[in-house]
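Engineer: Take this structure, written in structure tokens, and hold onto it; I'll ask about it next.
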Amino acid sequence: MTVDRTMSPAPTTHRRVVPPRSWSLRASDVTAIVVGNAILIGAMWIRHGSLAEMASGAGILTAIGQLTALYGTYLILIELLLMSRSPWLDQLFGMDRLAAAHRWIGFGALWLLVAHGATTTVGYAFSDGSSIPGEAWTLVTTYPFVLWALAGMGAFVLVAVTSMRAARRRLSYETWHGLHLYAYLAVALTFAHQLAVGADFTDDPVARLYWIGLYVSAVTTLLVFRFGQPIRLSLRHRLRVANVVREGPGVVSIYLAGRELDRLAIRSGQYLVCRFLTRDGWWRGHPFSISAAPNGQWLRVTVKDLGDDTQRLQRIAPGTPVYVEGPYGALTGARRTRSRVLLIAGGIGITPLRALLEDLPARPGELTLVYRARRPRDIVFRDELDAIARTNGAVLHYLVGRRDSRELPGDPLAADGLAALVPDVRQRDVYLCGPVEMMDAVRRSLGLLGVPAAQIHAERFAY
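Start counting the sequence shown at 2; every next residue gets the next number (the working numbering).
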């Protein structure tokens, strides 16, 4: 495949691209299902007569241990659903909200399971009149699958520790992703313990079937969307690297060709997790936004050398097969609520916004792009952006230079700077992508300007 760099990338003939499926389920429906199941779990626990056992200190501790186990396990199953990358959850909540929920639910589940182990051990020790260390040893060595559950707890702790921001900053994406796979092992180990001695499993066949149904639903969703759908997509479209084009210092665009790409349901603003099937890279998956509007003939992702495996991708060979997962992300035109739109990009965060600028229908003057970069050479796609603006009448603002420098006195993305660039910002949808610190600062600026939260669309994992 040969790409003419003198013009904005566009197919020679346009094909109709199948739009992604719209899901009728609402966020409130999901919330109702989650809360309803939580209430049902508590009701089944009460039905088993557990309240009557809370007549002593040991009984209270044992009851707390049962409840923390039930709700900790329930949160783990919700975590499996969040890890499934289900398209309807993606559409309803967006990656930012799902990632935040995944983080806090994961920590909540871990603390509940730790509390389960501690209160159960102490409660049993009080009841038996034994020491706490002795009771712990008895549980580990004589109770069914307690040792397995302890190993599963260790795996959960490993995942939680590596999810902390301080640890996450020190780990490459590949290492972090690989360690998170231990969560699946932890779920399998703890399920055996729950099945053998769980409060809702031993004496109530209805509760037993209910919990098994929860596990089957969560695992099935995970298998279908995390594994089955990517396999089907990759076999159908047979994506491969068609060309690699240098866009700037440490930045390349990778063009992907394949079969029936007009049948690949993907929107501008979304991203794919790509595995380039080389001898030493097939096991590494990277999330990359598409950086050109879908056209039915090829896809383009743009990669910046961040010092990890992305350095190798700067030299990926044409013809390399590509296994993809997705598409993911809700930073799309489907979220648009206003006719006028402001796109704010920082650094390589331009990639999804460049596709949106090309794809969003608008009359002249309705689209505005603000692009922040430290140096002129850091601006990616400038020729393409200028060509798109000439075609659709978009307004472009390139903010180049260091803040408080001669080129950029003050902060151009502060509230007063944005108001000067885009006086009608309150009447616009705002799409935002860039470094996390920049996105947080711009959100604060938009809040000071009175832009409603429902008009601000951003995803931290979209670039």
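All C-beta atoms in this analysis are idealised placements derived from N, C-alpha and C, irrespective of residue type, glycine included.
(1) Take the Cβ of I42 as the centre, count every other Cβ of all protein chains shown within 10 Å, and call the residue buried at 16 or more, exposed below.
(2) When you compare the segment 318 to 330 with the segment 225 to 244, are there three or more beta-carbon pairs, one atom per stretch, that lie closer than 8 Å?
(3) I'd like the span of the beta strand (DSSP E) that includes I457, first residue to last.
(4) Taking the Cβ atom as the reference point for each residue, do L215 and L113 lie within a distance shorter than 7 Å?
(5) Do you know how far the Cα of G297 is from the Cα of V371?
(6) Three or more C-beta pairs under 8 Å: does that hold for the segment 154 to 164 against the segment 111 to 125?
(7) Would you mind stating whether L400 and R373 have Cβ atoms separated by less than 7 Å?
(8) Are the beta-carbon atoms of L368 and A395 separated by less than 7 Å?
(9) Buried or exposed, going by whether 16 or more other CB atoms sit within 10 Å of the CB of E248?
(10) Quick one: what's got a C-beta closer than 6 Å to T121's C-beta in the same chain, skipping five residues either side?
(11) Near A59, which residues of its chain fall below 7 Å by C-beta distance, leaving aside the five closest residues on each side in sequence?
(12) Tell me, which residues are paired with L409 by DSSP?
(13) Quick check: what's the CA-CA separation for L52 versus A152?
(14) Roughly how far, in whole angstroms, is the beta-carbon of V304 from the beta-carbon of I255, given that I think they are within contact range, below 8 Å?
(15) For the candidate residues I317, D204, T142, whose alpha-carbon lies nearest to that of L257?
(16) Answer with yes or no whether the minimum CB distance from G109 to chain B is below 7 Å.
(17) If we require 4 or more residues per run, which alpha helix (DSSP H) segments fall completely within the segment 185 to 254?
(18) If the criterion is Cβ atoms closer than 7 Å, does the pair A356 and S269 meet it?
(19) Count the other CB atoms within 10 Å of the CB of L182; is the residue buried (16 or more) or exposed (fewer)?
(20) Quick check: S85 and T222, are their CB atoms within less than 7 Å of each other?
(21) Looking at C-beta atoms only, is the number of pairs between the segment 448 to 455 and the segment 345 to 355 that lie closer than 8 Å three or more?
(22) Buried or exposed: where does L140 fall if 16 or more other Cβ atoms within 10 Å of its Cβ makes it buried?
(23) If you count every other CB in all the chains shown that lies within 10 Å of the CB of L82, and 16 or more means buried, which is it?
(24) Looking at the structure shown, is P322 part of a helix, part of a strand, or coil, going by DSSP?
(25) Considering Cα atoms alone, identify which of F382, P250, V31, D441 is closest to Q315.
(26) Buried or exposed, going by whether 16 or more other CB atoms sit within 10 Å of the CB of T338?
(27) Leaving out the 5 sequence neighbours to the left and right, which residues in its chain are closer than 6 Å to A137 when beta-carbon positions are compared?
(28) Can you tell me the Cβ-Cβ gap for H194 and F146, rounded? I've got them flagged as a contact below 8 Å.
(29) Suppose you measure from the CA of V4 to the CA of V423; what does that come to, to the nearest Å?
(30) Sorted by chain position, which residues of the same chain lie with C-beta nearer than 8 Å to V217's C-beta, five sequence neighbours on each side aside?
Structural biologist: In short, the structure shows the following:
(1) Against the sequence shown, residue 42 aligns to sequence position 41. Under this definition I42 is a buried residue.
(2) yes
(3) If you number the sequence shown from 1, residue 457 lands on position 456. Counting along the chain, the beta strand (DSSP E) containing I457 begins and ends at 457 to 459.
(4) On the sequence shown, residue 215 is found 214 positions in, with the first residue counted as 1. On the sequence shown, residue 113 is found 112 positions in, with the first residue counted as 1. No. Outside cutoff.
(5) As a first step, residue 371 must be located in the sequence shown, where it is residue number 370. As a first step, residue 297 must be located in the sequence shown, where it is residue number 296. Answer to the nearest angstrom: the Cα atoms are 28 Å apart.
(6) yes
(7) For this step, residue 400 is matched to residue 399 along the sequence shown. For this step, residue 373 is matched to residue 372 along the sequence shown. A contact, by the Cβ cut-off of 7 Å.
(8) Taking the sequence shown and counting its residues from 1, the one referred to as residue 368 is at position 367. Taking the sequence shown and counting its residues from 1, the one referred to as residue 395 is at position 394. The answer is yes: Cβ separation under 7 Å.
(9) For this step, residue 248 is matched to residue 247 along the sequence shown. With 16 or more other Cβ atoms within 10 Å, it is buried.
(10) Translated into the one-based positions of the sequence shown, residue 121 becomes position 120. Once the five neighbours on either side are set aside, the close Cβ partners of T121 are G66.
(11) Reading the sequence shown from its first residue, position 58 is the one you call residue 59. Only G124, F127, S128 meet the Cβ criterion.
(12) In the sequence shown, the residue the question calls residue 409 occupies position 408. R404, per the DSSP bridge assignment.
(13) The residue you call residue 52 lines up with position 51 of the sequence shown. The residue you call residue 152 lines up with position 151 of the sequence shown. C-alpha separation (whole angstroms): 30 Å.
(14) Translated into the one-based positions of the sequence shown, residue 304 becomes position 303. Translated into the one-based positions of the sequence shown, residue 255 becomes position 254. Rounded, the Cβ-Cβ distance is 6 Å, consistent with contact.
(15) Here residue 257 corresponds to residue number 256 of the sequence shown, with the count starting at 1. Per the Cα distances, I317.
(16) You won't find chain B in this structure, because it holds only one protein chain.
(17) 206 to 223, 230 to 238
(18) Numbered from 1 along the sequence shown, position 355 holds the residue referred to as residue 356. Numbered from 1 along the sequence shown, position 268 holds the residue referred to as residue 269. Yes, the pair counts as a contact, with Cβ atoms nearer than the cut-off.
(19) On the sequence shown, position 181 is the one that residue 182 refers to. So L182 counts as exposed.
(20) Within the sequence shown, numbered from 1, the residue matching residue 85 stands at position 84. Within the sequence shown, numbered from 1, the residue matching residue 222 stands at position 221. Result yes, Cβ atoms of S85 and T222 sit closer than 7 Å.
(21) no
(22) Taking the sequence shown and counting its residues from 1, the one referred to as residue 140 is at position 139. It is buried - the Cβ of L140 has at least 16 other Cβ atoms within 10 Å.
(23) Mapped onto the sequence shown, residue 82 falls at position 81. L82 should be labelled buried.
(24) As a working note, residue 322 is residue 321 in the sequence shown. Of the three classes helix, strand and coil, the one that applies to P322 here is strand, per DSSP.
(25) Residue 315 sits at position 314 when you count from the first residue of the sequence shown. When only C-alpha atoms are compared, the closest one is P250.
(26) Within the sequence shown, residue 338 is the residue found at index 337, counting from 1. Under this definition T338 is an exposed residue.
(27) Translated into the one-based positions of the sequence shown, residue 137 becomes position 136. The residues are T122.
(28) Residue 194 sits at position 193 when you count from the first residue of the sequence shown. Residue 146 sits at position 145 when you count from the first residue of the sequence shown. The pair is a contact, with the Cβ atoms about 4 Å apart (cut-off 8 Å).
(29) Counting from 1 along the sequence shown, the entry for residue 4 is found at position 3. Counting from 1 along the sequence shown, the entry for residue 423 is found at position 422. Its pLDDT being 43, under 50, V4 is placed unreliably in this model, and the value from its coordinates should be taken loosely. If I take the Cα positions, the gap works out to 35 Å.
(30) Position 216 of the sequence shown holds residue 217. Counting only Cβ-Cβ distances below 8 Å, and skipping sequence neighbours, we find nothing.
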